[in-house]
Amino acid sequence: MRTYGSARDLCAIAYRTDSGDSDLAQANTPSFTDATSTQPRSGPLAGVRIVDLTSVGMGPYATQIFGDMGAEVIKVEAPEGDVFRQPAPARTPGMSAIFLNLNRNKKCVTLDLKQADDLATLKALIDTADVFISNVRPKALKKLGLDYELLAMTHPRLIYCAAVGFGQSGPYAAKPAFDDIIQAMSGLAALQGAATGTPSYINTIIADKVTGLTLAYAVPMALYEREKSGRGQAIEVPMFETLVSFSMIEHMGGRTFEPAEGGMGYSRVLSAHRRPYRTADGFIGLLPYTDGQWQRFFDIAGRADLATDPRFGSAQRRSEHYDVLYEELAAIVLTRTTDDWLVQLEAADIPVARVMELDDLLDDPHLQATGFFVERDHPTEGRVRQMNVPVSFSRTPGRIDTLAERQGTSQHDVLRELPSPRVATEEQ
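Below is the structure:
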């Protein structure tokens, strides 16, 4: 086993970049590196090596964040590749848009874990890593000898993260799980359909992404603890429990208390009248929130009757009458144009926004000013657009060094240092 000191003692790995010159390279701003750069990885996770045995959305989202923050991420795929390589749109097979948006800053290798040599290669690779992350079902990992107990015997500093559908101590442990299934089981689909009585899914893979974000904070916490104890540990991040926790923060409601002080559900967000409001010529998002904002809104609307209505005079009273209040709001907003409302409400410091289409975001002046979208040349896919790293660090900013690779691109570079039968094959 390779032995290391602390993660901060690890030397950073020099990365190739597929990007052109960066016009965003500021000390505190995430950026692309220059195409000829051989500088080592930077960022708060520089020097951390992660072996990534995940696919689809949840795991790759988390490991891309780690890569953006400077970690060396080695993405291990089966011969058929990550299933997210396949959905349209794509310019070439195996390089879909969604894969490009989830797998930058990673080195891609292919291993067939049904083959003894490849399984031995993966174990040797894990032995060099700080972190091993997998969304393969735990029972299958154990059969392969990739369970935490076995790996920790030879690598006690390993941070082992199992991204699972359900907590492994409960009766659902062996169930398969994807985003739609977790939205359905967690109550999220029912919440989305509360106004109509027909459950519906949120139009994004929210279970994958929220669980991915949870994984993304859990692993650095374990790395920090290892700095103090010198020991690794196993982490379990279950989709079901994560989404139930996510939803129940505001929706536990009266069931927070025992005995109950009412039913579940946060009445404001469950109101049938809470939605983007139609104006005379479009739609706006509008949310007066404080007492002062509501009073200013009623003044602008010319509704002195509502300003003095005791039902709407305080946050506590409004919480008992959201349906009526939001119904009044919808009727008022319809009387003026979008631009009229934006001018008047912004001048009064009342939260308001034009409802944007996704295409509108590409030309949004704020996102342009912050360099949120960047375009670079991919070595096989041509010109591609990426969302830049959204988080800024004053000293150690994240950055996009490499775009998502074709399957097996880094096979030789990653495996040549390992004492594995596969190395000889790769070098012949």
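When we follow the working numbering, the leftmost residue of the sequence shown carries the number 10, and every step to the right adds one. Ideal Cβ placement from N, Cα and C applies to all residues, glycine included. For clarity, every value in this text was computed on a predicted model and none was experimentally measured.
Beta-carbon gap between residue i and residue j smaller than 7 Å
i: Pro208; j: Ala198; result: yes
i: Asp348; j: Asn114; result: no
i: Val352; j: Ile293; result: no
i: Gly196; j: Ser256; result: yes
i: Pro147; j: Ala172; result: no
i: Arg287; j: Leu338; result: no
i: Ile83; j: Phe93; result: no
i: Val423; j: Lys132; result: no
i: Met248; j: His260; result: no
i: Met104; j: Gly407; result: no
i: Gln73; j: Leu111; result: yes
i: Phe187; j: Tyr181; result: no
i: Leu167; j: Leu160; result: yes
i: Arg100; j: Glu390; result: yes
Per-residue DSSP class, three states only, for residue i
i: Ala34; result: Low per-residue confidence applies at Ala34: pLDDT is 34, beneath 50, and the placement is therefore not dependable, though the value from the model is reported in the following sentence. Ala34 falls in the coil class under three-state DSSP.
i: Pro147; result: helix
i: Lys152; result: helix
i: Arg345; result: coil
i: Glu384; result: strand
i: Gly391; result: strand
i: Gly263; result: helix
i: Asp358; result: coil
i: Asp61; result: strand
i: Asp43; result: Low local confidence applies: a pLDDT of 40 at Asp43 is under 50, so the model's placement there is unreliable, with the coordinate-based value given in what follows. In this structure, Asp43 counts as coil in the three-state DSSP scheme.
i: Val85; result: strand
i: Ile293; result: strand
i: Ser438; result: Residue 438 cannot be examined here, being either before or after the span of the chain that is shown, 10 to 437.
i: Arg363; result: strand
i: Ser238; result: helix
i: Ser105; result: strand
i: Tyr181; result: coil
i: Ala414; result: Note that residue 414 is Glu in the sequence shown here, rather than Ala. It is coil, neither helix nor strand.
i: Thr119; result: strand
i: Val398; result: coil
i: Tyr286; result: strand
i: Ile168; result: strand
i: Pro53; result: coil
Cα-Cα separation between residue i and residue j, rounded to whole angstroms
i: Asp386; j: Ala413; result: 12 Å
i: Ala87; j: Asp121; result: 5 Å
i: Ala243; j: Val364; result: 44 Å
i: Asp358; j: Asp300; result: 13 Å
i: Gln124; j: Thr130; result: 10 Å
i: Gln304; j: Gly202; result: 31 Å
i: Leu354; j: Pro388; result: 48 Å
i: Gly417; j: Gln192; result: 33 Å
i: Arg415; j: Pro165; result: 33 Å
i: Glu234; j: Glu270; result: 40 Å
i: Val278; j: Pro297; result: 14 Å
i: His330; j: Leu295; result: 17 Å
i: Gly263; j: Asp372; result: 44 Å
i: Thr265; j: Ser276; result: 15 Å
i: Pro53; j: Leu62; result: 22 Å
i: Pro96; j: Pro102; result: 9 Å
i: Gln177; j: Lys152; result: 16 Å
i: Arg320; j: Arg284; result: 21 Å
i: Leu370; j: Gly206; result: 32 Å
i: Asp126; j: Phe402; result: 42 Å
i: Gln420; j: Asp290; result: 56 Å
i: Gly241; j: Thr379; result: 38 Å
i: Gln395; j: Asp318; result: 49 Å
i: Asp142; j: His282; result: Here the sequence assigns Ile to residue 142, which means Asp is not the residue at that position. Whole-angstrom Cα-Cα distance: 43 Å.
i: Arg76; j: Leu367; result: Strictly speaking, residue 76 in this sequence is Gly, with Arg absent from that position. So the two alpha carbons sit approximately 26 Å from each other.
i: Asp438; j: Thr119; result: Since the first residue of the chain shown is 10 and the last is 437, residue 438 is not available in this structure.
i: Trp350; j: Leu200; result: 30 Å
Buried versus exposed call for residue i [16 or more other C-beta atoms within 10 Å across all chains shown]
i: Ala23; result: Low confidence applies here, because Ala23 scores a pLDDT of 28, under 50, leaving its location unreliable and the question unanswered by this model.
i: Asn397; result: buried
i: Glu89; result: exposed
i: His375; result: exposed
i: Glu250; result: buried
i: Ala216; result: buried
i: Arg425; result: exposed
i: Glu81; result: buried
i: Ser238; result: exposed
i: Ser328; result: exposed
i: Pro399; result: exposed
i: Asn212; result: exposed
Review point. Are the region 135–143 and the region 50–62 in contact at 8 Å, needing three or more beta carbon pairs?
Key: yes
Check your understanding: How about the region 307–314 and the region 244–263: do they share at least three Cβ pairs that are nearer than 8 Å?
Key -> no
Review point. Is the region 67–74 close to the region 216–224, with three or more CB pairs under 8 Å?
Key: yes
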